[in-house]
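Peer 1:
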Amino acid sequence: MKKFTKKYGFIGLFLALNLGILLANVTLLTNNWIKLNPKINHESLLKSIVEIKIQKNEEVSFATGFVIDNKIITNKHILENSGEIDIFYRFANEKDYKKTKIIKISPNYDILSLELYTKVRNLEIEENFDYGDEIFTIGNPHNLGLTISKGIVSGTNKLANQNFVRTSITIEPGNSGGPVLNTKNKVIGITTFRLINEKPIQGISFFVPSKQIKEFLNSN
Numbered sequence: 001m002k003k004f005t006k007k008y009g010f011i012g013l014f015l016a017l018n019l020g021i022l023l024a025n026v027t028l029l030t031n032n033w034i035k036l037n038p039k040i041n042h043e044s045l046l047k048s049i050v051e052i053k054i055q056k057n058e059e060v061s062f063a064t065g066f067v068i069d070n071k072i073i074t075n076k077h078i079l080e081n082s083g084e085i086d087i088f089y090r091f092a093n094e095k096d097y098k099k100t101k102i103i104k105i106s107p108n109y110d111i112l113s114l115e116l117y118t119k120v121r122n123l124e125i126e127e128n129f130d131y132g133d134e135i136f137t138i139g140n141p142h143n144l145g146l147t148i149s150k151g152i153v154s155g156t157n158k159l160a161n162q163n164f165v166r167t168s169i170t171i172e173p174g175n176s177g178g179p180v181l182n183t184k185n186k187v188i189g190i191t192t193f194r195l196i197n198e199k200p201i202q203g204i205s206f207f208v209p210s211k212q213i214k215e216f217l218n219s220n
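In my numbering, the protein residues as written are 1 to 220.
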C-alpha cells in the first residue's frame, strides 16, 4: 500500500439525482459516543465488523463491512468506476489483510456481499425503528481504525427510486458500508451517503434500511 488515493476512497461517485448528492466513503469521525448494550461489550461488537481495502493498481481506498449470515455486507458503490480491482478485509485486531471475492451484488440496492474466511459472531438484524430513535454506527474513517459515532433517526426520503433513511450522524470520507445499530446493538441499516452542496452539509446523511438487507440476503 503505497499511498492514499487523492479521491479519499469513494468520493466522486454521484447518485443519479438532481440534488447533487454524493455517494461517499461514509465516515463517522466524531467524539459523540453512545452507551453500548452491557450484554454485548465493545470488544465483542468489533469482532463482527471489518475494515475493507480496495486496490486498483497504485490507488488504494477503504471501506467498512459487517458480518451477517456468515458473509461480509457492505455498499456496492465501493466498486463503481473501479475496473479490475482486488478487495481485502481485516478485523480491528489484525495487522494483515485477507483477500476476498464478491459473492453477490444487489441489482436494486446499494448492497453487496463478500466472502468471509473467518468464523465470527453474526450481527442481528432489526427492522423496526422510529423517528428520534438513538442510533450509532461504526466505521473506518481515512483508515484510522474503527470509530463509533452516534445520532438519531431523522426521517425518510425516496431518492433515485430507492427508500433511504435520514440520520443526524455526520458522514465523512472513509467508511461506506458500516453498520447502523440501535441501542440493542442490532443492525437497522448500512451507512451510505451524505448531501453535498459545494461543501458537505452537516447532519444530513442517509442509510439503507435493514429491510433491504433482509431482501438482499433472501434473494437468489
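All residues carry an ideal CB built from backbone N, CA and C; glycine is no exception. Fair warning: this is a prediction, and the values are worked out from it, not measured in the lab.
Do the CB positions of Ser210 and Gly189 come within less than 8 Å of each other?
Peer 2: Cβ distance < 8 Å, so Ser210 and Gly189 count as in contact.
Peer 1: Sorted by chain position, which residues of the same chain lie with C-beta nearer than 8 Å to Tyr117's C-beta, five sequence neighbours on each side aside?
Peer 2: Only Lys98 and Thr100 meet the Cβ criterion.
Peer 1: Consult DSSP for Pro107 and reduce its assignment to one of helix, strand or coil.
Peer 2: Coil, per DSSP.
Peer 1: Give the single residue among Asn182, Ile72, Glu43 and Lys104 whose Cα lies nearest to the Cα of Thr137.
Peer 2: Looking at the Cα atoms, Asn182 is the closest of the given residues.
Peer 1: Excluding the five sequence neighbours on either side, which residues of its own chain have a C-beta within less than 8 Å of the C-beta of Glu84, listed in chain order?
Peer 2: Within the same chain, Glu84 has close Cβ partners Lys56.
Peer 1: Cβ atoms of Lys71 and Glu124: under 8 Å apart, would you say?
Peer 2: No, the pair does not count as a contact, with Cβ atoms beyond the cut-off.
Peer 1: With a 10 Å radius around its C-beta and 16 neighbouring C-beta atoms as the bar for buried, classify Ile223 as buried or exposed.
Peer 2: The first residue shown for the chain is 1 and the last is 220, placing residue 223 beyond what the model contains.
Peer 1: Once DSSP output is grouped into helix, strand and coil, what is the label at Gly44?
Peer 2: The sequence shown places Ser at residue 44, rather than the Gly named in the question. Residue state, collapsed to three classes: helix.
Peer 1: Starting from Ser210, trace the alpha helix (DSSP H) in both directions and tell me its first and last residue.
Peer 2: Looking at the DSSP string, the run of the alpha helix (DSSP H) that includes Ser210 is Ser210 to Asn218.
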